[in-house]
Amino acid sequence: MSDTSAPIPSLADRARPIEAGAPVVGVHFFGATPVFVLGEEALLFAPADGERRVTIHGGAILASKSDGTRIVTGGDDGKLVATDADGSHQVIATDDKKRWIDQVALGPDGAVAWSEGKVAHVRTKKGELRSFEAPSTVAGLAFAPKGLRAAIAHYNGATLWFPNAAGAAPQKFEWKGSHLGVTFSPDGKFLITTMQESALHGWRIADGQHMRMTGYSARVRSLGWTAGGAFLATSGSEQLILWPFDGKDGPMRRQPKMLAASKARVTMMACHPRQPVVAVGYADGAVLLVRIDDGALIKARQADSQPISALGWDTSGQMLAFGTELGAAGVLTL
Amino acid sequence: MRGDLVRIIDGLMRRKGKFDAIIVETTGLADPAPVAQTFFMDDGVGAKTKLDAVVTVADALWLKDRLRDAPEAKNQIAFADVILINKTDLVSPGDLDEIEARIRAINPYAKVHRTERASIDIAEVLGRNAFDLDRILDLEPAFLTAEETHVHEHDHGQEHGHEHGEHHHHSHGNGLKHYHDEDMQSVALRTDKPLDPDKFFPWVQDLVATEGKDILRCKGILSFKDDPERFVFQGVHMILDGDHQRAWREDEKRESRAVFIGRKLPEDKIRAGFESCIA
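Each protein sequence line maps, in turn, to chains A and B.
Throughout, our numbering is defined as the position within the first sequence, counted from one, plus 297.
Throughout, our numbering is defined as the position within the second sequence, counted from one, plus 8.
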């Protein structure tokens, strides 16, 4: 679409450029302050009045999540670190064998989950610690939207774990292959994994009904739920793929919506927190905003051949931050 | 174990520039193919890394036993670009020659080194560019070159236990193949007649689609009809990679050569198929 239609209106020149100086692997917001997660060692706080690097890890930063009050990161130094809005940070877990902490999830009730190797851990808001050994390496971690339930993606499926219910048998969802990431639908009815083989797999939690979402040209690395949970938006193709989840059967026997087509592959996406709008980042460096209802586009960043590797909205949906594999970054205020 | 490998390489890529190379050491009896395929199949890994070579270390003392009882050992030999015959100080020179001949019977194309305590110049095992299409230069099987001058004569099926006195040393002549491995072979193809690309591509794609699970490696340099450029290809199981490489030189013999290394390959069928691609 973007190839053939009239020129796309652009807000790109309104973005505030930020030189991250290192590959950007994530971005979060504390209020109006964008915080870029760098590939190694540090967070870059980038408020309008001056940037500040805060070193928090002794090596690569492998995972980051934020709930708006803290950013929790896992590193190849075997540390799990929580950083607050003022830059103060504390180690909340250390693996004594210095294994990589490469999965992190934050629960709706203040719980934090992380994993190293096959073992997933949860620390509840009260500070109680629970651990669970998965059948193989934990490749994805997510909390259910309500209650203390965690999903673990691993080889040949995903497991639901109930960290607070001692003795409750984990619920297994099986599908052959390597599952690398996991997410719950916002209504808690579906569990979706990203797979090594450029596909998504899903289960309806109530009855284990399978759903298979294929057709991608690449592995899906970025996915999220649109405001209200009507669609699961994903990267992995030369357009934004939106799977409908508005009915009781999810995307079963339905086609995805495909928007914001480009010659370049979608590498990252970020759903607007309130509106039916998705920010789409491409391998050529472009960032587009697409309105789901009619596919209307606005350009937020010009292509410059730096693959987009981080994309995120502030909670109000007024600011969009982006970063690239080569260390460029920026923030656009709408 | 592709998922784990992808995850770990994703992690390492966050420290890009802080290391020179990644060495993936598989478990002793792992199949190297899924590891190698990851570098071609996964878009993220493939875009940021380049597979350099598969290096197999063979234990001179135990290799013959492993070739007998562990099919993975043959896989590892057949798949390799570089093979170190290590612990050479623990076996007799005669046994070493025999071990090397056994390796050659499975994979005549790998570069073989004899080492003690795996002592080797690093340049012989790193930076080989073995999967680089531009480096598919030497398709001459090593048993036809003068490099290994002494290989023992060996009766088919008589695997071991022959006495030294029976050994008959001689230089290799053209195509004398002293060992034949029952499971793993290489099929070398050659023609000086130009090939028809419209016949070759469907044939080779069908071949790897149907026999790909048994084809460990393949590579070739091709001369197509009315095409001034050399076409080179290489593959791992069902995955093929190919491109025009450069113009044929005036002083170069325009011929097509290809080799398939694999398990119980249908040699006659492959030969007939290749012949049928002649323009």
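For each residue, glycine too, the CB sits at the ideal point set by N, CA and C.
Quick caveat: nothing in here was measured; it's all calculated off a predicted structure.
Check the C-beta distance from residue i over to residue j and give it rounded, since I have them as a contact under 8 Å.
i, j, result
"V195/B", "V267/B", "7 Å"
"V120/B", "I114/B", "With a Cβ gap of about 11 Å, V120/B and I114/B do not count as contacting."
"T490/A", "H476/A", "4 Å"
"V632/A", "L608/A", "Limits of chain A in this structure are 298 at one end and 631 at the other, which puts residue 632/A out of reach."
"L197/B", "F282/B", "5 Å"
"A61/B", "R136/B", "4 Å"
"T621/A", "Q603/A", "4 Å"
"W458/A", "A447/A", "5 Å"
"A312/A", "A567/A", "At roughly 15 Å, the Cβ-Cβ gap does not stay under 8 Å, so A312/A and A567/A are not in contact."
Please state the DSSP three-state secondary structure of residue i.
i, result
"A138/B", "coil"
"D163/B", "With a pLDDT of 40 at D163/B, under the threshold of 50, the modelled position of that residue is not reliable, and the figure given next carries that caveat. Three-state DSSP puts D163/B in coil, outside helix and strand."
"K469/A", "strand"
"E190/B", "coil"
"E260/B", "coil"
"P314/A", "strand"
"G102/B", "helix"
"G521/A", "strand"
"E338/A", "strand"
"D39/B", "coil"
"A126/B", "coil"
"K58/B", "coil"
"N320/B", "Residue 320/B lies beyond the stretch modelled for chain B, which goes from 9 to 287, so this question has no answer here."
"D276/B", "helix"
"M21/B", "helix"
"L248/B", "strand"
"T157/B", "Here the model assigns T157/B a pLDDT of 37, short of 50, so the residue's position is not dependable and the matter cannot be decided."
"K596/A", "strand"
"V63/B", "strand"
"I353/A", "strand"
"T630/A", "strand"
"L308/A", "coil"
If you drop the 5 nearest sequence neighbours on each side, which residues of the same chain put their C-beta closer than 7 Å to that of residue i?
i, result
"P483/A", "P442, W522 and G526"
"A379/A", "R367, V369, H386, Q387 and I389"
"M492/A", "G474, S475, H476, L477 and H498"
"I247/B", "Q45, F48 and M49"
"T391/A", "G375 and K376"
"A339/A", "R350, V351, T352 and I353"
"T480/A", "A439, I489 and L520"
"D601/A", "G582"
"P236/B", "A255 and W256"
"T64/B", "Q84, I85, A88 and I91"
Mind pulling the chain C residues with CB within less than 7 Å of residue i?
i, result
"T434/A", "Checking the listed chains, one finds no chain C in this structure; the protein chains it contains are A and B."
Using a Cβ-Cβ cutoff of less than 6 Å, which residues in the same chain neighbour residue i once the five nearest sequence positions on both sides are dropped?
i, result
"H208/B", "It should be noted that the sequence gives Phe, not His, for residue 208/B. Contacts found: C285."
"D249/A", "As shown, chain A starts at 298 and ends at 631. That puts residue 249/A outside it, with no answer to give."
"A285/A", "As displayed, chain A neither begins before 298 nor continues past 631, which places residue 285/A out of reach and without an answer."
"F97/B", "Here the sequence assigns Asp to residue 97/B, which means Phe is not the residue at that position. Once the five neighbours on either side are set aside, the close Cβ partners of D97/B are E124."
"H418/A", "W411 and S428"
"A618/A", "V324, P331, G609 and V628"
Whose C-beta lies closer than 8 Å to the C-beta of residue i among residues of the same chain, with five residues either side of it excluded?
i, result
"D204/B", "F232, K233, C285, I286 and A287"
"L141/B", "V240, F241, Q242, D249, G250, D251 and Q253"
Please confirm if the region 55 to 66 of chain B is in contact with the region 12 to 30 of chain B, defined as three or more CB-CB distances below 8 Å between the two stretches. yes
Compile a chain-ordered list of the residues in the region 334 to 353 of chain A whose CB is closer than 9 Å to at least one CB of chain B. L335, G336 and E337
Quick test of the definition: if touching needs 3 or more C-beta pairs under 8 Å, does the region 616 to 631 of chain A touch the region 319 to 339 of chain A? yes
Looking at C-beta atoms only, is the number of pairs between the region 119 to 135 of chain B and the region 35 to 47 of chain B that lie closer than 8 Å three or more? no
For the region 320 to 334 of chain A, which residues have a beta carbon sitting closer than 7 Å to at least one beta carbon of chain B? P320 and V322
May I ask you to list, following chain order, the residues of the region 44 to 69 of chain B that have a beta carbon less than 8 Å from some beta carbon of chain A? D50, D51 and G52
Three or more C-beta pairs closer than 8 Å, one from the region 528 to 547 of chain A and one from the region 561 to 573 of chain A: is that the case here? yes
For the region 382 to 397 of chain A, which residues have a beta carbon sitting closer than 8 Å to at least one beta carbon of chain B? W397
Interface residues of the region 598 to 613 of chain A facing chain B [CB-CB below 8 Å]: none
Between the region 212 to 223 of chain B and chain A, which residues of the former have CB atoms less than 8 Å from a CB of the latter, in chain order? none
Can you give me, in chain order, the residues of the region 107 to 130 of chain B that have a beta carbon less than 8 Å from any beta carbon in chain A? none
Which residues of the region 14 to 29 of chain B have a Cβ closer than 9 Å to any Cβ of chain A? Give them in chain order. V14, R15, I16, D18, G19, L20, M21, R22, R23, K24 and K26
If the cut-off is 9 Å on Cβ atoms, which residues from the region 362 to 378 of chain A count as contacting chain B, listed in chain order? D373
Which residues, in order along the region 484 to 500 of chain A, keep a beta-carbon less than 9 Å from a beta-carbon of chain B? M492, Q493, E494 and S495
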